[in-house]
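Please read the structure below before turning to the comments.
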Amino acid sequence: MERNSFFFSSHFGQELKSLAARKPWKLSLPVTEGGILDAIVVWFVLQLDDEHTLSTSPSEETCWEQAVYPVQGLLDYSVKTGDTVMMEVCCQDCYLKIQKVSSLTSECGMDFSDRDDTLSFGNEAELCNALAGLQTTSKQDGSGQVCVLESTEIALLNNLPYHKCFKAAMGKVLLSLNPTKDLQSMDVDGHGSGMNLQESQNKSSLDMAPDPLYILDVSEGFSILPIIAGKLGPVRAYSSIEKEQHQAALNVISEANHFPKETLEFWLSHLEDESVVLQRPKSDKLWSIIILDVIETSGLIQQEVMEKAAISRCLLHTGGKIFPQYVLVYGMLVESESLLLESAVQGTEPTLGFNIAPFINQFKVPVRVYLDLSTLPCLPLSKPAELLRLDLMNPLLNSSSREVKVQICKSGRVTAIPFWYHIHLDEDHSLNTSDASSHWKQAAVVLDEPIQVQVGDELVLDVQHHKSNISITVKR
Numbered sequence: 001m002e003r004n005s006f007f008f009s010s011h012f013g014q015e016l017k018s019l020a021a022r023k024p025w026k027l028s029l030p031v032t033e034g035g036i037l038d039a040i041v042v043w044f045v046l047q048l049d050d051e052h053t054l055s056t057s058p059s060e061e062t063c064w065e066q067a068v069y070p071v072q073g074l075l076d077y078s079v080k081t082g083d084t085v086m087m088e089v090c091c092q093d094c095y096l097k098i099q100k101v102s103s104l105t106s107e108c109g110m111d112f113s114d115r116d117d118t119l120s121f122g123n124e125a126e127l128c129n130a131l132a133g134l135q136t137t138s139k140q141d142g143s144g145q146v147c148v149l150e151s152t153e154i155a156l157l158n159n160l161p162y163h164k165c166f167k168a169a170m171g172k173v174l175l176s177l178n179p180t181k182d183l184q185s186m187d188v189d190g191h192g193s194g195m196n197l198q199e200s201q202n203k204s205s206l207d208m209a210p211d212p213l214y215i216l217d218v219s220e221g222f223s224i225l226p227i228i229a230g231k232l233g234p235v236r237a238y239s240s241i242e243k244e245q246h247q248a249a250l251n252v253i254s255e256a257n258h259f260p261k262e263t264l265e266f267w268l269s270h271l272e273d274e275s276v277v278l279q280r281p282k283s284d285k286l287w288s289i290i291i292l293d294v295i296e297t298s299g300l301i302q303q304e305v306m307e308k309a310a311i312s313r314c315l316l317h318t319g320g321k322i323f324p325q326y327v328l329v330y331g332m333l334v335e336s337e338s339l340l341l342e343s344a345v346q347g348t349e350p351t352l353g354f355n356i357a358p359f360i361n362q363f364k365v366p367v368r369v370y371l372d373l374s375t376l377p378c379l380p381l382s383k384p385a386e387l388l389r390l391d392l393m394n395p396l397l398n399s400s401s402r403e404v405k406v407q408i409c410k411s412g413r414v415t416a417i418p419f420w421y422h423i424h425l426d427e428d429h430s431l432n433t434s435d436a437s438s439h440w441k442q443a444a445v446v447l448d449e450p451i452q453v454q455v456g457d458e459l460v461l462d463v464q465h466h467k468s469n470i471s472i473t474v475k476r
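Read in order, the letters of the sequence shown are residues 1 to 476 in UniProt numbering.
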């Protein structure tokens, strides 16, 4: 059955004060189309007076986003036309919460969740984060541990090509550093040689297993790459995860996969000075692999990444690698009215004749982030072009500035230059941050003034990379 989006609207014709003080009230909403109940989408209608309203509905052309509350804990998430979805709504501490979601089938069967789940915005920081992608949290049963992940972290965990690519690249490095083992026998997941982890360890102890290889993952957020590395052979994988709840969750995952306790460690607990993360694993040891977070989920380059790469190169074992080894920046010319409207005030008409654009536009941000090129309303005017190379293993191949000639393949107005990255773990394994399956978003430079172009024209892009910031200007 196809998954459908469910949009429910409800009028709250009361003052905010009374809403905040009111006890939870029940809502029953009819299902108008069958499918799988994934989430409840909420928006507001602002009643200015008896005649004028503003709606934040997704069907309106508005600057507002909507709130998405994932539904959890149902025995059956499938619904059909004629069913009723019931829930409790409250406005506790001025935060809208939806709880006790259940479905009433047209045959009068009730599906209740066994848990008292509450879908809510937990604090102001989460509300601010909603600007980039609305996040909800779920209050779990008090008997269990709570692990709250950002929506971007969930998207990363669902990125299969990302994990497969890292697994293959790490396996290649480990095999080169431990040539006595073939890749199948190193993969203790049981898919290669058929050995489980305990059998592999027993065999290794009989064969006088060599010293473990050291892997450090300093990527941001909740990463399972250390666990993936731990299944590739005799390694000591270190995670730089900071939050205690994330460490606890990673430990649970590690135990569930029957890892020895020494396979996974948390690097920050070994440091006297947590501000100096990049250090030797031991006084007489070096790293075989160091995983750096080069690209932010927003689509920008991580700050000080080249400086971190320079330190990392000094901490590598002979034959060791930094992941990624290099990154290629790609971009293209597009016409996008929506990017223009969201980046700067366009004339006096939208502001009813008031000339505020010259003042307000002085403070506009030159680069838009958290874009999704697959859904961005835009008209491509050129083919993608390579703009820059950032090499973490060989700094001599870096290019901090470059002029790129771009051929126009469709007439229109150039209003923006979206850019993204090809992240090369090595020569054989790479990730494209613009892929539909990617957890990364894209960024775009929005031009101050649109440029009218015709098919066959050629524009020159002046691309600069300075202190992890990319700037692009257009020359005719």
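For every residue, glycine included, the Cβ atom is placed at its ideal position computed from N, Cα and C.
Please read all numbers here as calculations on a predicted model, not as lab measurements.
Distance between residue j and residue i (C-alpha atoms, nearest Å)
i           : j      : result
THR53       : LEU232 : 60 Å
LEU461      : VAL453 : 14 Å
LYS285      : ILE215 : 11 Å
GLN247      : GLY221 : 11 Å
LEU157      : ILE253 : 13 Å
SER434      : LEU373 : 7 Å
GLN303      : TYR326 : 16 Å
ILE451      : PRO377 : 18 Å
SER239      : ASP293 : 13 Å
ARG22       : ASP448 : 49 Å
GLY171      : PRO179 : 11 Å
LEU459      : LEU371 : 24 Å
ASN361      : LEU48  : 28 Å
GLU427      : ALA168 : 12 Å
PRO358      : ASN469 : 26 Å
SER411      : PRO384 : 16 Å
HIS466      : ILE154 : 31 Å
SER18       : PRO24  : 12 Å
ILE343      : VAL146 : Residue identity differs from the one stated: residue 343 is Ser in this sequence, not Ile. Approximately 39 Å between the Cα atoms of the pair.
GLY347      : PHE363 : 16 Å
ALA309      : PHE259 : 30 Å
PRO58       : ASP93  : 26 Å
residue 565 : TYR95  : Outside the displayed range of the chain (1 to 476) lies residue 565, so it cannot be described from this structure.
ILE241      : VAL455 : 50 Å
Whether residue i touches residue j by CB criterion (8 Å)
i           : j      : result
VAL218      : ILE289 : no
ILE472      : GLY331 : yes
ILE291      : PHE266 : no
THR375      : THR152 : no
LEU278      : ILE224 : no
ALA443      : VAL369 : yes
ASN257      : ILE227 : yes
VAL148      : GLN245 : yes
GLY34       : THR84  : no
THR334      : PRO380 : Looking at the sequence provided, one finds Val at residue 334 rather than Thr. A contact, by the Cβ cut-off of 8 Å.
LEU27       : VAL89  : yes
GLN66       : VAL42  : yes
MET87       : ILE98  : yes
residue 511 : LEU340 : Because the chain in this structure spans residues 1 to 476, residue 511 falls outside the shown range and cannot be described.
Close beta carbons around residue i, own chain, < 6 Å, minus the five adjacent residues each side
i      : result
GLN464 : SER401, SER471
LEU37  : VAL71, TYR77, VAL79
PHE112 : Confidence at PHE112 is low in this model, with a pLDDT of 44, below 50, so its placement is unreliable and no value can be given for it.
SER336 : CYS378, THR415, ALA416
PHE166 : LEU225
ALA237 : ILE215, PRO226, ALA229, GLY230, LEU264
SER338 : PRO377
TRP64  : THR56
ASN432 : HIS422
ASP457 : ILE408
ILE301 : SER468
ARG476 : none
VAL367 : ALA443, VAL445
Own chain residues within Cβ distance below 8 Å of residue i, not counting five before or after
i           : result
LEU46       : THR53, LEU54, SER55, THR56
GLU386      : LEU328, VAL329, TYR330, VAL404
ARG389      : TYR326, VAL327, LEU328, VAL329, LEU397, ASN398, SER399
residue 477 : In the structure as shown, the chain starts at 1 and stops at 476, and residue 477 therefore has no counterpart that could be examined.
GLY320      : VAL173, LEU177, LEU286, TRP287, SER288, ILE289, ILE290
ILE295      : ILE301, GLN302, VAL327, TYR421, ILE423, THR433, TRP440
Within-8 Å CB hit, residue i to chain C
i     : result
CYS90 : In summary, chain C is missing from the structure at hand, where a single protein chain is found.
Cβ distance (whole Å) where residue i is taken to contact residue j below 8 Å
i      : j      : result
ILE408 : SER382 : 6 Å
LEU213 : LEU177 : 6 Å
Chain-order list of residues whose beta-carbon lies under 7 Å from that of residue i (same chain, five-residue window excluded)
i      : result
SER430 : HIS422, ILE423, HIS424
Would you be able to state if there are at least three C-beta pairs under 8 Å between the stretch 344-364 and the stretch 420-436?
Counting C-beta pairs closer than 8 Å gives fewer than three between the stretch 420-436 and the stretch 344-364, which falls short of the contact rule.
Touch test, the stretch 380-393 against the stretch 303-319, Cβ-Cβ under 8 Å, three pairs minimum:
By the Cβ criterion, the stretch 380-393 is in contact with the stretch 303-319, since at least three pairs of Cβ atoms, one from each stretch, lie closer than 8 Å.
Are the stretch 97-104 and the stretch 70-83 touching, with three or more C-beta to C-beta distances below 8 Å?
Contact holds: three or more Cβ-Cβ distances are below 8 Å.
Any contact of the stretch 429-449 with the stretch 160-177, i.e. 3+ C-beta pairs under 8 Å?
By the criterion of at least three beta-carbon pairs nearer than 8 Å, the stretch 429-449 is in contact with the stretch 160-177.
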